[in-house]
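Novice: Using our numbering, the letters of the sequence shown correspond one by one to residues 840 to 1566. First, the structure itself, so that you have it in front of you.
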Amino acid sequence: MEKRLGDGLYEEQMIRNQVTQLTGRVYLQGYTSNEDEYRALMTNGVNVAKEFSLEPGMALTAAQMDALTSDIVWLVNQTVTLPDGTTQQVLAPVVYLAHTHANDLQPTGALIAADDVEIHATGSAINSGVIKGGSQTVISATDIVNRGGKIGSSGANGTTVVSATNDVVNASGQITGNRVAVLAGHDIVNTTLVDKVGVGSSAGNSKVSQTLLGAQGTIASTGDMIVAAGHDLNVHGANISAGGNALIAAGHDINVDTVESQTSQSVAKNANHHWEANSTLNETSGISASGGLAMQSGNDMTFKGAAVSAGSDMAVVAGGNLTATTVTNTALYNNVATDDNTRKEVDRTYDEQAVGTTFKAGGNGTLAAVSTDANKGNVTLTGSSLSTDTGAANIAATGNVAINEAREEHDSYTATESKRGSFVHGSTTDQMQASQANIGVASTVSGDTVNIRSGKDLTVQGSNVVGTNDVKLAATGNVNITTSQDTQSTQSDYEKREYGFLSGLNSLNQLDGGLQGYSIGTRKTTDAQQATQVTNNGSMVGSLNGSLSVASGSDLHVTGSTLHAGNDVNLAGKTVTIDAAKNTATQNEQQSFSQTGITAGLSSPVIAAVQTANQMRKDVQHTKGDVRLNALAAATTGLAGKNAYDAVASDPSHLGGVGVNVSLGTSHSNSSSTESSTTAAGSTVSAGHNVNIAAAGAGANSNINVTGSDITAGNNATLNAQGNINL
840 MEKRLGDGLY EEQMIRNQVT QLTGRVYLQG YTSNEDEYRA LMTNGVNVAK EFSLEPGMAL
900 TAAQMDALTS DIVWLVNQTV TLPDGTTQQV LAPVVYLAHT HANDLQPTGA LIAADDVEIH
960 ATGSAINSGV IKGGSQTVIS ATDIVNRGGK IGSSGANGTT VVSATNDVVN ASGQITGNRV
1020 AVLAGHDIVN TTLVDKVGVG SSAGNSKVSQ TLLGAQGTIA STGDMIVAAG HDLNVHGANI
1080 SAGGNALIAA GHDINVDTVE SQTSQSVAKN ANHHWEANST LNETSGISAS GGLAMQSGND
1140 MTFKGAAVSA GSDMAVVAGG NLTATTVTNT ALYNNVATDD NTRKEVDRTY DEQAVGTTFK
1200 AGGNGTLAAV STDANKGNVT LTGSSLSTDT GAANIAATGN VAINEAREEH DSYTATESKR
1260 GSFVHGSTTD QMQASQANIG VASTVSGDTV NIRSGKDLTV QGSNVVGTND VKLAATGNVN
1320 ITTSQDTQST QSDYEKREYG FLSGLNSLNQ LDGGLQGYSI GTRKTTDAQQ ATQVTNNGSM
1380 VGSLNGSLSV ASGSDLHVTG STLHAGNDVN LAGKTVTIDA AKNTATQNEQ QSFSQTGITA
1440 GLSSPVIAAV QTANQMRKDV QHTKGDVRLN ALAAATTGLA GKNAYDAVAS DPSHLGGVGV
1500 NVSLGTSHSN SSSTESSTTA AGSTVSAGHN VNIAAAGAGA NSNINVTGSD ITAGNNATLN
1560 AQGNINL
C-alpha cells in the first residue's frame, strides 16, 4: 500500500493552501473551519470515485473534471524527494473545483476573492480579471475601469458597489450581484467593445472581413439596482437588468444606443465576373427590470433601437427632450456575371431594416418630458412603440408630442446585355429593370387605457394609438392626425440593335407581309417606361371597448386616417377639419424606331390587293362588335377583292406585271404616352354609440369641414359649430 504524504492535520493544511491559491478565499463558500471543509471534500471525493470508478492515485481526466457537480478532494500519486535525496511515490490530496466554480477563474489567474472584498483607491482602479466577494464587494476610486473583467458578489444576498468620484467605465465587462449600485460623480459608460479593424481573410479571389464585437457590457442584479451618474449615462450596445426594481438616473443626459457590426464578402475574378455582399447589423442595448423601472435625466434622454421593459410600472422622465427612434440595419448585394461574351447580367439590391425602440410595461408605462425651457420638453417617437399589458400607456410633454413613422429604403436593379450574330445577321439586346421603394414604419402606442397630453402641438403621422378602454388625446396647441407616404418608382429600358440582312418590318416592328421590305443595313428599336406611385398610410387612433376623446386648444385636423371607438367618439377644437389624402400614380412610355439601309422588294396588283384584303379582314376583327362598323369593314374588304379581280380581268397582261423595287434611305418613328391618376383616401370617424364633433372658441371662424370622408355612429352623430358646417 502506498504511503500518504502526511497525517490528517498536514493534509488539512495542504487543502487550505490549495483553496486559497485557487479562489483567493481561506474557505470555499459554505465552510467556516478547516476540519469541516476537509471532511466534506473527502466525502465528496469518495462519492465521485464510485461514480467514475477511480482508484486512489489516479488523477481526474479533463472530461471528469468538467463533469464535476461538487468540489472534491482526491488522493493522487505524487513523487517526493526525501532528505537523503532519494525519491518516493506517495498519495497527496488534490482539490478539484466543480465546473461551475472553475469558470470564475481567469486564464491569467488574475483573481481577488473573499467573503468581503473592499478596494479603496485614491487614483484609478482598473480591472481585467475577477474581483469577487461572497456577501459584499465594494470598490471606490477616482476613476474605475472594468475592461473585460468581472466584478461581483456571489452570495444570495450579496451586495456589489462600484463608486467613482469621476467616471465609471464598464467595457465588455460584468458588474453583478444580488443588490448592485454603480455610482459616478461624472459619467457612467456601459459599452460593448468594437474592433473597428476587425478580422479579414482571403483565399484566391475570395475575401471576407468582419467587425469584431467583444462580450456585451453587462450590469445585472438578481435583486434591486441603482445606476446613477452625476453627469451623463451612456449605454452602447450593452445591457442593464435588474431582477427586482431599478433606478437609472443621470444629472444631465441619458443616451442608449447601439454598436455596429459590419460584414463584407466578395469574390472577384475580373471586371466582368465579381460578387459582393455587405451588411451592417446593430447590437442593440437593453434596460429591464422584473419589478418597477424608473429612469430620470436632468436634460435630454435619447434611445436608438433600444429595448426598455418593466415587469410592473415604468416611468421614463426627461428634464429636456425625450426621443426614441430607430437604427438601420442594411444589406447590399452586387453580382456581375458574363457568359462567353454573349450575355452579361448585373444584379444589385439594397435593403434597409428599421429597428425601433420599444418600451414595454406590465403595469403602467409613462414617457414624459418636463422642462421650463421653451425649446425643450418634447416627446418624440419615431418608428418606436410604447405598450402596456394591463395598465395605462401615458405620454406627457410640456412641449410637443410627435408620434411619427420611420423610413426604410428598398432598391433593386437588374440589367442584361445579350449578343447574337452570324455572317448575315447580328443583334445586341439591352434590358434594364429598376425599382426604388421608400416606405414608412409606424410607431405604436398601445395600452389598456391611453392618455397623451401635449403642452404645445400633438402629431400622429402614419402611426397607431390604440387602447382596450378609454383613449384620450389632448393638446394646448394643434392636433394633427395624418398620413405617412410610401413612394415607389420603377423604370424599364429595352433597346435592340440589328445589322446585316433584316426581315421586312415596318416602323411599328411588324411584318409587312408578302415578299416586301427586306433590307440590308441597321435597325434600332427602343422602349422606355417609368412609373411612380405615392400611397398614403393613414393613422389609426381608437378604443376597442371604451371612448375616444381628441381635444385641441387650437385646430384639430384629421387627414386620410381612421378614428374609432366601441363606445363614443368626441372631437373638439377651435376648428375641426376631416379630409382625404391623395394617392397618385404616373406612368410614362417612350418608343422609337429607326432603320437605315438598302431595301428591296417585289410588287404586283395581286399582291397589293391581297394585302389590302388581309388588312381589311384584320380591321373587321378590331371593330369590337359594333354593328355599323362591322358592316362597313366587311363591305370595304369585299370591294378591295373585286377591284383586284377587275384589274386583272380588264388587262390580263397585268397578271405578270411583277415589279422589283430597290430603295436607299432612312426611316424614323417616335411615340410617347403619359398616364396619371389621383384618388382620394378619405378619413373615417366611427363609433359604436355616439359621435360628437364640436368647433368653438374662434367665434364665426370655428368651422367644421368634412371633405371626402365618412362619419358613422351606432346611435347619434352630432356636429356643433359656432361658425359653419361644411360637408
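Even for Gly, the Cβ is constructed at its ideal location relative to N, Cα and C.
(1) I'd like to know whether the C-beta atoms of Gly988 and Ser963 end up nearer to each other than 9 Å.
(2) Give a yes or no on whether the C-beta atoms belonging to Gly1377 and Thr1298 are separated by under 9 Å.
(3) So who's on the other strand from Arg1246, going by DSSP bridges?
(4) DSSP three-state label for Asp905, please.
(5) Report yes if the C-beta distance between Asp1407 and Ser1391 is below 9 Å; otherwise report no.
(6) Extract the residue ranges of the beta strand (DSSP E) inside the stretch 1182-1251, only unbroken runs of 3 or more that lie entirely within it.
(7) Using the three-state DSSP reduction, which class does Met897 fall into: helix, strand or coil?
(8) When DSSP builds the beta bridges, which residues end up paired with Arg1018?
(9) Compute the distance between the beta-carbons of Val984 and Val1008, then report whether it is under 9 Å.
(10) Just checking Ile965 against the ligand SAM - is the residue's beta carbon closer than 8 Å to any of the ligand's heavy atoms?
(11) Does Gln1460 pass the burial test, meaning 16 or more other C-beta atoms within 10 Å, or should it be called exposed?
(12) Three or more beta-carbon pairs under 8 Å between the stretch 894-911 and the stretch 875-883, yes or no?
(13) Which of helix, strand or coil does DSSP assign to Asp1063?
(14) Residues in the same chain with beta-carbon distance under 7 Å from Thr1119, minus the five sequence neighbours each way, listed in chain order, please.
(15) Using beta-carbon positions only, say whether Leu1341 and Gly1436 come within less than 9 Å of one another.
(16) By DSSP, does Phe891 sit in helix, in strand, or in coil?
(17) With a Cβ-Cβ cutoff of 9 Å, do Gly1056 and Thr1031 count as a contact?
(18) Taking Cβ positions, are Ser993 and Lys971 nearer each other than 9 Å?
(19) Give the DSSP-derived three-state secondary structure of Ala879 in the structure shown.
(20) From Leu944 to Asn996, what distance separates their C-alpha atoms?
(21) Beta-carbon within less than 6 Å of Lys1183's beta-carbon, same chain only, minus the 5 sequence neighbours each way: which residues are those?
(22) According to DSSP, which residues form a beta bridge with Arg986?
(23) Among residues of its own chain, excluding the 5 on either side of Met1064, which ones have a beta-carbon nearer than 6 Å to its beta-carbon?
(24) Whose CA, out of Ala906, Val1000, Glu874, Tyr935, lies closest to the CA of Ile958?
(25) Distance check for Lys1143 and Gly1125, CA to CA, integer angstroms please.
(26) So Asn1308 is in the beta strand (DSSP E); what residue range does that whole segment cover?
(27) For Gln1561, which three-state DSSP category applies?
(28) Leaving out five residues before and five after Thr1329 in sequence, what residues of the same chain have Cβ atoms less than 6 Å from its Cβ?
(29) Spatial neighbours of Gln1430 within its chain, please: C-beta separation below 6 Å, excluding the five flanking residues on both sides.
(30) Straight-line CA distance for Ala1073 to Ser1223?
(31) In this structure, how does DSSP classify Gly847 when only helix, strand and coil are distinguished?
(32) With Lys1335 as the anchor, note down where its beta strand (DSSP E) starts and where it stops.
(33) Using only CA atoms, which one of Asn1427, Gln1426, Val1397, Ser1433 lies nearest to Ala1419?
(34) On the DSSP bridge list, what partners appear for Val1397?
(35) In chain order, what residues of the same chain lie with their CB nearer than 7 Å to the CB of Gly1158, ignoring the 5 residues before and after it?
(36) Are the beta-carbon atoms of Asn1121 and Thr1097 separated by less than 9 Å?
Specialist: Put simply:
(1) If you check the CB distance, Gly988 and Ser963 do not come in under 9 Å.
(2) no
(3) Gly1279
(4) The answer is helix: DSSP assigns Asp905 an H, G or I state.
(5) no
(6) 1182-1194, 1197-1200, 1204-1208, 1218-1221, 1224-1227, 1231-1236, 1240-1243
(7) coil
(8) For Arg1018, which the question treats as bridged, DSSP gives the partners Thr998.
(9) Yes, Cβ-Cβ distance for Val984 and Val1008 is below 9 Å.
(10) This structure does not include the ligand SAM; it has no bound ligands of any sort.
(11) Residue confidence for Gln1460 is low, a pLDDT of 48 falling below 50, so the modelled location carries little weight; the figure read from the coordinates is stated next. With fewer than 16 Cβ atoms within 10 Å of its Cβ, Gln1460 is classed as exposed.
(12) yes
(13) coil
(14) Glu1099, Gln1101, Asn1168, Thr1169
(15) yes
(16) helix
(17) yes
(18) Yes.
(19) helix
(20) Here Leu944 scores only 43 on pLDDT, less than 50, and its place in the model should not be relied on; the value that follows carries that caveat. Rounded to whole angstroms, Leu944 to Asn996 spans 22 Å at the Cα level.
(21) Here the set comprises Thr1177, Glu1256.
(22) Ala1010
(23) Sequence-distant Cβ neighbours of Met1064 in its own chain, meaning closer than 6 Å and more than five residues away, are Val1019, Ala1081, Ala1085.
(24) Val1000
(25) Gly1125 and Lys1143: Cα-Cα distance of roughly 11 Å.
(26) Counting along the chain, Asn1308 falls outside any beta strand (DSSP E), and DSSP gives it neither H nor E.
(27) coil
(28) Ser1274, Ala1370
(29) Asp1366, Ser1510
(30) Correcting the residue identity first, residue 1073 is Asn in this sequence and not Ala. The alpha-carbon atoms of Asn1073 and Ser1223 are separated by roughly 20 Å.
(31) helix
(32) 1323-1341
(33) Val1397
(34) Ile1320, Ile1417
(35) Ser1136, Gly1137, Asn1138, Val1209, Ser1210
(36) yes
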